[in-house]
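J.: Start counting the sequence shown at 448; every next residue gets the next number (the working numbering).
We put the beta carbon where it would ideally sit given N, CA and C, even for glycine.
All values reported here derive from a predicted model rather than from experimental measurement.
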Amino acid sequence: MQSGDELRAGTITVSVLNGSGRAGLASRTLSDLVGQGFGEGTSANVPEGVDVAVTEVWAAEKTPAVRFLRGYLQGKSRFRQVADPAYPGLTVVVSERFKGVGKGRESLPVKKAFTVCAPAQLAP
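1. Which whole-angstrom value is the C-beta distance of residue 466 and residue 504, which I expect to be below 8 Å?
2. Taking Cβ positions, are residue 463 and residue 539 nearer each other than 8 Å?
3. Is residue 551 buried or exposed, if buried means 16 or more other CB atoms sit within 10 Å of its CB?
4. DSSP puts residue 572 in a beta bridge; with which residues?
5. With the cut-off set at 8 Å, would you say residue 511 and residue 472 are in Cβ contact?
6. Thinking residue 502 and residue 541 are a contact (beta carbons under 8 Å), I'd like their distance in whole angstroms, please.
7. Report yes if the CB atom of residue 523 is closer than 8 Å to the CB atom of residue 450, and no otherwise.
8. Roughly how many angstroms separate the alpha carbons of residue 487 and residue 481, rounded to a whole number?
9. So residue 499 and residue 506 are supposed to be a Cβ contact under 8 Å. How far apart are they, rounded?
10. Let's see if you can read the secondary structure: which residues bound the alpha helix (DSSP H) around residue 538?
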């Protein structure tokens, strides 16, 4: 994305991992985010040995896309830098305290250029 562009949900791919004991939470959360316009990544359980006390957004770097996505997550969330994310796009790791997906901003003006993992476009 370039300076002056408008960041929107449709420009961001999201994957969701379940770090809670609630069955199906990752797939429901991903469905809710896709319903808000985000691109669909994958849903799965959090890897063995990973504990999350609050909902986290994992990415290689903290970009405006991370801030934009966090605006849709109800309750407390934080960013965790992951050098080589294993899942498509930004990864939301939902915790036991996760309250759900809410209505976030429609767009966010980009002030400084950055790379975003956008949903794949289908060929016509």
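T.: A quick look at the data gives this:
1. Residue numbering aside, residue 466 sits at position 19 when the sequence shown is read from its first letter. Residue numbering aside, residue 504 sits at position 57 when the sequence shown is read from its first letter. No, residue 466 and residue 504 are not in contact; Cβ-Cβ is about 12 Å, not under 8 Å.
2. Walking along the sequence shown from the start, residue 463 turns up at place 16. Walking along the sequence shown from the start, residue 539 turns up at place 92. Yes, these two residues count as a Cβ contact at 8 Å.
3. As a first step, residue 551 is located in the sequence shown; it is residue number 104 there, counting from the start. That one is buried.
4. Since the first residue shown for the chain is 448 and the last is 571, residue 572 is missing from the structure and cannot be characterised.
5. Looking up residue 511 in the sequence shown gives position 64. Looking up residue 472 in the sequence shown gives position 25. Not closer than 8 Å, so no.
6. Translated into positions along the sequence shown, residue 502 becomes position 55. Translated into positions along the sequence shown, residue 541 becomes position 94. For a cut-off of 8 Å, the C-beta gap from residue 502 to residue 541 is around 5 Å, short enough to register as a contact.
7. On the sequence shown, residue 523 is found 76 positions in, with the first residue counted as 1. On the sequence shown, residue 450 is found 3 positions in, with the first residue counted as 1. No. Outside cutoff.
8. Numbered from its first residue, the sequence shown carries residue 487 at position 40. Numbered from its first residue, the sequence shown carries residue 481 at position 34. Using only the alpha carbons, I get a separation of about 6 Å.
9. The residue given as residue 499 occupies position 52 in the sequence shown. The residue given as residue 506 occupies position 59 in the sequence shown. Incorrect: roughly 15 Å between the Cβ atoms, too far for contact.
10. Here the question's residue 538 lines up with position 91 in the sequence shown. Run containing residue 538: none in the alpha helix (DSSP H); it sits in the beta strand (DSSP E), 537-541.
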